[in-house]
Amino acid sequence: MRGNSTPNETSVSATIAQYLVEHSPTFKELTNLRQKGWKTAEGDRYFENRRAQSDNADRKQAQRFFNMTCQIGEEMDRKTSVITFAATDRGLSPRVLDIGMAPGGFTETVLRKHCDATIRGITLPLENGGLKVMLPRWKADPRVIVEFLDVTMLADEMGRPTTSIPTVHPDIANFSSNRPFQGENFDLVFCGATAQRAHVRADYRESQERLRLATSQLVVALQRLRDHGSLVLVMHKPEALYTAEIIRTFTRFSNVRLFKPRKKHAVRSSFYMVATSVDMQSKETQSAILGWKKQWENATFQSDDALSASSRVSEDRVCEMLAEFGLQLIKLATPVWRTQADGLRSAPFLKE
Ligand SMILES: C[S@@+](CC[C@H](N)C(=O)[O-])C[C@H]1O[C@@H](n2cnc3c(N)ncnc32)[C@H](O)[C@@H]1O
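Quick note on numbering: UniProt numbering labels position 250 of the sequence shown as 250, and the sequence is numbered without any gaps.
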């Protein structure tokens, strides 16, 4: 989760990778392809170009990105029906919370499937480096309300009231006691916020942003999801310990599938966890929320050194995770690894 891996993280990743290479031919093939890709200068150039394109915020580019997220939303629904069946068990029109909403492709997909849906969005303000909402005529649409804010700064939501934060904290002016859409309940929550390069952040956040984004989105989502509702979370690398642990946690109180778009982003390691029928009454759900609040608090208030000491992972914990969950992880993650391997095999920088 951090910019530069600590020796402990490197050894944890190696233990997991070794287990997966031994038990999953798909992961083994993907590892070989990734290694080949790292060795080519064309691979570096390819990813650098893609990053430059996605940083270029001109209108044409924004429209292209919006079209792409619409296509991903469509493909996700075709493969999982998470949008189509969002509220069928209640016979009502679906209520959807879209975190990291802009440009708005997932919302567009929801409205295309359910013209009577209610949409609430949360997304980073443009002036902080966020993306523009490209959903046509959304400002005049009574079905759609968007709050522009940084979801990782909602201190009261995360159980750490703004009034308790030391005044010397580098972000003291940016924490918020706002609790967006508090008291509303949703059938489906998208947790799609990903760190933006244009987002100017305090230095302490650089190594922690992915963790802070995941934990704050999960807490906001689960404090508003109705019982047996669905949640979609954007993630990276099912084989990373932190990712595998979130997936494992969700398997305890929901039905989990992993989805990776075939055409878009195939060469990257990102994918979506789609959790349906989330049991909001279970003790595991409530204790998971507390755990993510604690992780957010540590990542936000501890120094990097203190954090790397307190988050040291023992070999025993990794072995326990693999013994208990390794084979299930392989079953869930194989389609994601296969899609990435297919994408890499036909990537311009790896073609013979
Ligand atoms: C990959 S885009 C999401 C695409 C979106 N799911 C769609 O369907 O169009 C990531 C979004 O997360 C937003 N974001 C990034 N950091 C954020 C933060 N800290 N708080 C709120 N939104 C954030 C970005 O501005 C961007 O709009």
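Even for Gly, the Cβ is constructed at its ideal location relative to N, Cα and C.
6 Å CB neighbourhood of residue i in its chain, flanking five on each side removed
i	result
Gly-76	For the record, residue 76 in the displayed sequence is Met; it is not Gly. So the list reads Phe-259, once near-sequence residues are dropped.
Gln-35	none
Gly-73	Gly-105, Phe-106, Thr-109
Leu-233	Cys-191, Met-273
Ile-145	Arg-120
Ser-287	none
Phe-181	Arg-120
First through last residue of the alpha helix (DSSP H) which encompasses residue i
i	result
Asp-304	304-310
Met-76	59-80
Asp-116	Run containing Asp-116: none; DSSP gives neither H nor E here.
Tyr-204	Tyr-204 -> no alpha helix (DSSP H), and no H or E assigned at all.
Val-318	315-345
Phe-250	241-251
Ile-99	Here Ile-99 belongs to no alpha helix (DSSP H); instead the beta strand (DSSP E) covers 95-99.
Asn-298	283-301
Same chain, Cβ closer than 7 Å to residue i, five either side skipped, listed in chain order
i	result
Asp-156	Thr-162, Ser-177, Arg-179
residue 361	The requested residue 361 is not part of the displayed model; the chain covers only 1 to 352.
Phe-66	Pro-103, Gly-104, Gly-105, Met-134
Val-313	Asn-8, Val-12, Leu-241
Val-336	Pro-238, Leu-258, Lys-260, Phe-271
Phe-186	Arg-95, Val-96, Leu-97, Arg-224, Leu-225, Arg-226, Gly-229
Gln-295	Leu-211, Thr-215
Leu-231	Val-189, Cys-191, Ala-221, Leu-225, Ala-275, Val-278
Tyr-204	Pro-170
Gln-281	Asp-227
Thr-243	Met-235, His-236, Lys-237
Thr-6	Ser-308
Asp-116	Ser-93
Close Cβ partners of residue i (< 8 Å) along its chain, the five nearest in sequence each way excluded
i	result
Ala-299	Gln-208, Leu-211, Arg-212, Thr-215, Leu-307
Asp-89	His-228
Val-21	Phe-27, Lys-28, Thr-31
Val-318	Val-12, Thr-15, Ile-16, Leu-241
Glu-297	Met-158, Gly-159, Arg-160
Separation of residue j from residue i, as counted between CA atoms
i	j	result
Asp-279	Thr-251	11 Å
Pro-238	Glu-245	9 Å
Ile-247	Lys-331	12 Å
Asn-32	Lys-263	21 Å
Gly-3	Leu-241	In this prediction, Gly-3 has a pLDDT of 49, which is less than 50 and means its spatial position is unreliable; what the coordinates show is noted afterwards. About 15 Å.
Ala-333	Lys-79	15 Å
Leu-131	Gly-104	10 Å
Arg-338	His-23	15 Å
Pro-170	Asp-305	17 Å
Leu-126	Lys-60	17 Å
Trp-292	Arg-201	21 Å
Ile-16	Leu-322	7 Å
Asp-342	Ala-86	30 Å
Phe-253	Asp-150	28 Å
Met-1	Thr-249	Any reading at Met-1 is ruled out, since the residue's pLDDT is 43, under 50, leaving its predicted position unreliable.
residue 353	Glu-147	Residue coverage of the chain in this structure runs from 1 to 352, which leaves residue 353 outside it and unanswerable.
Gly-100	Ala-221	12 Å
Ala-275	Phe-325	17 Å
Met-68	Ser-310	40 Å
Phe-301	Leu-290	16 Å
Thr-10	Tyr-19	14 Å
Ile-172	Gly-129	19 Å
Ala-62	Ala-140	20 Å
Leu-329	Thr-167	43 Å
Thr-285	Gln-71	31 Å
Arg-64	Asp-58	10 Å
Asn-255	Leu-92	22 Å
Ser-81	Arg-143	22 Å
Thr-84	Glu-320	37 Å
Ser-164	Leu-327	43 Å
Start-to-end residues for the beta strand (DSSP E) that takes in residue i
i	result
Phe-148	144-148
Phe-27	Here Phe-27 belongs to no beta strand (DSSP E); instead the alpha helix (DSSP H) covers 25-39.
Asn-255	255-259
Met-273	270-278
Met-235	225-236
Trp-350	Reading the sequence as shown, one finds Leu at residue 350 and not Trp. Element bounds for Leu-350: n/a, residue is neither H nor E.
Phe-190	186-191
Short CB-CB distance (under 8 Å) between residue i and chain D
i	result
Leu-211	In the structure shown, chain D cannot be found, because there is only a single protein chain.
contact_flag[the segment 110-123, the segment 25-45] where n(CB pairs < 8 Å) is 3 or more: no
The segment 191-200 touching the segment 170-178, judged by at least three CB pairs closer than 8 Å: no
Stretch-stretch touch, CB-based, cutoff 8 Å, three pairs: the segment 117-135 with the segment 95-105: yes
Three CB pairs or more closer than 8 Å across the segment 332-347 and the segment 263-275: yes
The segment 216-226 touching the segment 138-158, judged by at least three CB pairs closer than 8 Å: yes
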